Amino acid sequence: MPNQRVIDDPVAIRAMAHPLRLKLRELVGREGSVTAAQAARELGVSQALASHHLRQLAKYGFVEQAPAADNRERPWRITFTSYSWEPTVATSTAADLLEQLVAQRALDQLADWQRRRADDDAVWRDNTGLGQSLLYLTADEMVELRRGLDALIEPLVARRPIGDPAALPAGARPVDLTIVCTPLVPTTSGG
340 MPNQRVIDDP
350 VAIRAMAHPL
360 RLKLRELVGR
370 EGSVTAAQAA
380 RELGVSQALA
390 SHHLRQLAKY
400 GFVEQAPAAD
410 NRERPWRITF
420 TSYSWEPTVA
430 TSTAADLLEQ
440 LVAQRALDQL
450 ADWQRRRADD
460 DAVWRDNTGL
470 GQSLLYLTAD
480 EMVELRRGLD
490 ALIEPLVARR
500 PIGDPAALPA
510 GARPVDLTIV
520 CTPLVPTTSG
530 G
């Protein structure tokens, strides 16, 4: 399974830009494979709704059918572990919506972590959460930063294949890493 997919089809971006589909894809990725019934129980939705949205994700290549123990089961698995998109004139409206949903999902997960953080191990408490930096970058430096972040993350993704519990060391936990880089409007003085 490839680790990264760049989504350049506006219809596929629009298909992913749905809160339940984002949750389903994350769940399938975390579990390795799930059936619609398992997804419905985990996410608190009907099996029919989970099945419909899994089929929509499959239609655009975000998930696929996984091998099943018997013909009654229809498990799904993800087709790649990380995804990104490059907004173009053709994709900008769909990409804007998807970016807003991904950012909101990250904020929701941060709020959930903040509720649980005090009860967790100090290493997790001290090294997770939110960080923020204000940088002055040229366009070329922004490209370099993005490539550098990808280069740091990619080996970690490759080292822990999705759906392979044997690849997880003791104590490994799922971690959501959402990177938001936004150029700001300069002040009147140029700062």
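End of the sequence shown sits at 530 in our numbering; the numbers just go up one at a time, nothing left out. For each residue, glycine too, the CB sits at the ideal point set by N, CA and C. Just so you know, these numbers come straight off a predicted model, no measurement behind them.
Chain-order list of residues whose beta-carbon lies under 8 Å from that of residue i (same chain, five-residue window excluded)
i	result
L382	L359, K362, L363, L366 and A389
W452	T467 and G468
Contact check, residue i vs residue j, beta carbons under 8 Å
i	j	result
Q386	A397	no
R499	A490	no
L449	A356	no
V496	S421	yes
A354	Y399	yes
R347	E425	Rather than Arg, the amino acid found at residue 347 in this sequence is Asp. Yes, the pair counts as a contact, with Cβ atoms nearer than the cut-off.
Q343	F401	no
I492	L476	no
Bridge partner(s) assigned by DSSP for residue i
i	result
W415	V373 and Q404
Y422	R344
Proximal residues to residue i (C-beta, below 6 Å), its chain only, five neighbours per side dropped
i	result
V350	none
T430	P349 and I352
Status (buried if at least 16 other CB within 10 Å, exposed otherwise) for residue i
i	result
A408	exposed
S372	buried
E370	buried
I518	exposed
A513	The amino acid occupying residue 513 in the given sequence is Pro; Ala does not appear at that position. The residue in question, P513, is exposed, as its Cβ has fewer than 16 Cβ neighbours within 10 Å.
P504	exposed
A506	exposed
Per-residue DSSP class, three states only, for residue i
i	result
I352	helix
H357	coil
D531	Residue 531 is absent from the structure shown; the chain starts at 340 and stops at 530.
N410	coil
L523	coil
A511	coil
L449	helix
R499	coil
Neighbourhood of residue i by C-beta distance below 7 Å, restricted to the same chain and skipping five residues each side
i	result
R416	V367, G371, S372, V402, E403, A405 and G502
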